[in-house]
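Each protein sequence line maps, in turn, to chains A and B.
When you line the first sequence up against this note's numbering, it's residues 1248 to 1496, in that order.
When you line the second sequence up against this note's numbering, it's residues 231 to 305, in that order.
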Amino acid sequence: MNKGPHISIKPEHLLDLFGFPLTNSFLTAIIVLLLFVLTTIYYNSQLKKVKRSNFFYLLQFIFKGIYNFFKTVLGTRIDDLFPLIASLFIYILLLNWFGLLPGVGSILISVRENQGESHFVPLLRGNTTDLNTTLVLAVVAFSSIQYYGIKGLGLAGYLGKFFNFSNPISLVTGLLEVISEFSRIISFAFRLFGNIFAGEVILSIIAFLIPVLVSFPFLLLEIFVGFIQAFVFAMLTAVFINLATMKAH
Amino acid sequence: MSTEAVKLLATAIAISIGVIGPGIGIGIIGGKAVEAMGRNPEAESTIRNTMILAIVFAESLAIFALVIAFILRFI
C-alpha cells in the first residue's frame, strides 16, 4: 500500500462543521445537488416565458427521451411516477459523471487529524463511490416501491402478498418474498457502489501502471458504465414498482 | 504463510471464483438475446431492455464478490 496508488474504501474526513463531520464525498454531493436544483429552477423559470432559450429545449429533449422510454415500462402510470424515476436517473447520472471530471480525486489538501501529523486527502470524491450515498438512494427506492405497492393494492392487499395462511407452501414462499424484498436494498446499494468504485480503482491503477494515453479507453468505459448504472437503478425501481402493484396470483 | 499473504490469496480467490458464474450467465443471456433478435427483429428494443435487466441481475452477483474482495484488501 505504500508504493501503489492511494485507494480508500471510505470517504476521508475533511473538517468538522458544528460537530457534523464533513467528508470529501459529502462536499461533492452538495455541489451536484446545487447543480441539480439550479437546473430545475432554471427549467421552471423558462417554462413560463414565451421566448425560451436553446438550453431549455436541450433539457426538454432529454426529459422527453426519458419519459418516452419509461412509458414503455410503466404504461399509463408514468405520469405519477415520472418525477421519482427521472430524478433518480438524472441525479445518479450526474453523481457518476461528476466523479470522472478532472480534479475530482486528484486535487489534494492537507488535513490534520486531532493533533496528529497532517496528511493529504483528496478534496473531492465521486459521491457514488461512498457506500452511505448508495445506501440512502437504495432506501429511497425501496420505500417508494413499498409506498406505491400499498397505494395500488391497499394495505391488506399488499400484506396479503407476503402473509398467506391458506396453505403451508404459500406461507413459506411468502416469508421468502419478505426476505427478497429486503435484500433489494442491499443489492441496489452494492450494485451502484461496486460498479462505480471498481471503475475508480481501475482508472487509478491504470494511470499508475501506464501514465500516458492508456487510461483514455477506460475513461470512455467508465462514462458508459456510469450511464448504464444510473439507467439500471431507475429501470429496476420502475420494474419493482410495477411488480409491487400487480395482484398476487 | 503470513497473515498478509493469506489475505492477498483470499482476495484473489474471492474475485476469481466469484466472477465465473456471472460470466457464464451473461454469456448465455447475450447469446440468447442475439438469437431472439435474429428470429424476431421487430421486437429488438423489448429484447434489448429485458437483456440489460437480466445482465444486471447476473452482474450484481459478480459485484458482491468484488465488494468482498475490496473489503478483504482495503479494510
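Note that the Cβ used here is the ideal one computed from N, Cα and C, for glycine as well.
Predicted model, so just to flag it, every value in this text is computed and none were measured.
- Note on geometry: alpha-carbon atoms of Ile1254/A and Phe1478/A lie some 27 Å from one another.
- Residue pairing of Asp1263/A in beta bridges, as defined by DSSP: Pro1268/A.
- With 16 or more other Cβ atoms inside 10 Å of its own Cβ, Arg1438/A counts as buried.
- Here Pro1369/A is bridged, per DSSP, to Leu1355/A.
- Shortest Cα-Cα distance from Asn1379/A to any of Leu1262/A, Ile1488/A, Phe1302/A, Asn1271/A involves Asn1271/A.
- When Ser1353/A, Asp1326/A, Leu1384/A are compared, the shortest CA-CA separation from Arg1372/A is found for Ser1353/A.
- As the crow flies, the alpha-carbon of Ala1385/A is around 22 Å from that of Ala299/B.
- The beta carbon of Leu1282/A lies closer than 7 Å to those of Leu1341 in the same chain, with the five residues before and after it left out.
- At least 8 Å separates the beta-carbon of Gly1350/A from that of Ile1443/A.
- Taking a Cβ-Cβ cut-off of 7 Å, the neighbours of Val297/B in chain A comprise Phe1437, Gly1441, given in sequence order.
- Under the Cβ distance rule, Ser1255/A counts among the residues neighbouring chain B, one pair being separated by less than 8 Å.
- It is roughly 11 Å from the alpha-carbon of Thr1323/A to the alpha-carbon of Asn1489/A.
- Residues of chain A whose Cβ lies closer than 7 Å to the Cβ of Ile305/B are, in chain order, Ile1256.
- Taking 8 Å as the cut-off, the Cβ atoms of Ala1481/A and Ile1332/A count as close.
- Taking C-alpha positions only, Pro252/B is separated from Val1320/A by approximately 25 Å.
- Rounded to the nearest whole angstrom, the CA to CA distance from Met281/B to Asn270/B is 14 Å.
- Contact between Ala288/B and Ile256/B holds, since their C-beta atoms are separated by about 5 Å, short of 8 Å.
- Assignment of Arg1431/A by DSSP, reduced to helix, strand and coil, places it in the helix class.
- Phe1412/A and Leu1305/A have their C-alpha atoms spaced approximately 53 Å apart.
- Val1486/A has a beta carbon lying within less than 8 Å of a beta carbon in chain B.
- Annotation: the continuous alpha helix (DSSP H) that includes Asp1326/A extends over 1325 to 1345.
- Residue-level contact by beta carbon holds for Ser1434/A and chain B, with a gap shorter than 8 Å.
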